[in-house]
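Residue numbers (the numbering used here): 1359 to 1432.
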């Protein structure tokens, strides 16, 4: 993961919670155009796929954790 990738991720996620001007301030850009370059739109189909994968991984992790606490081999 690169520094730029982290900034893009931050800007993309931040747009769901704040305005572009807020993101500009957090990223310390002098021009809003630069902030816009970092922001990427995430299609709803991608968000849904990621949410589904996260739910499956979380369920598997919880199941493995329960097995470990009950003394069952994993």
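Every residue, glycine too, gets a C-beta built ideally from N, C-alpha and C.
Problem set entry | C-alpha gap between residue 1398 and residue 1404, whole angstroms | One-based indexing of the chain shown puts residue 1398 at position 40. One-based indexing of the chain shown puts residue 1404 at position 46. Cα-Cα distance, rounded: 13 Å.
Problem set entry | Opening and closing residue of the alpha helix (DSSP H) in which residue 1438 lies | This structure does not reach residue 1438, given that the chain is present from 1359 up to 1432, and the question cannot be answered.
For this session: Answer with buried or exposed for residue 1382, where buried requires no fewer than 16 other C-beta atoms within 10 angstroms of its C-beta.
Result: If you number the chain shown from 1, residue 1382 lands on position 24. It is buried - the Cβ of residue 1382 has at least 16 other Cβ atoms within 10 Å.
Exercise. When burial is assigned at 16 or more other CB atoms within 10 Å of the CB, is residue 1369 buried or exposed?
Worked result: Here the question's residue 1369 lines up with position 11 in the chain shown. Buried: at least 16 other Cβ atoms inside 10 Å.
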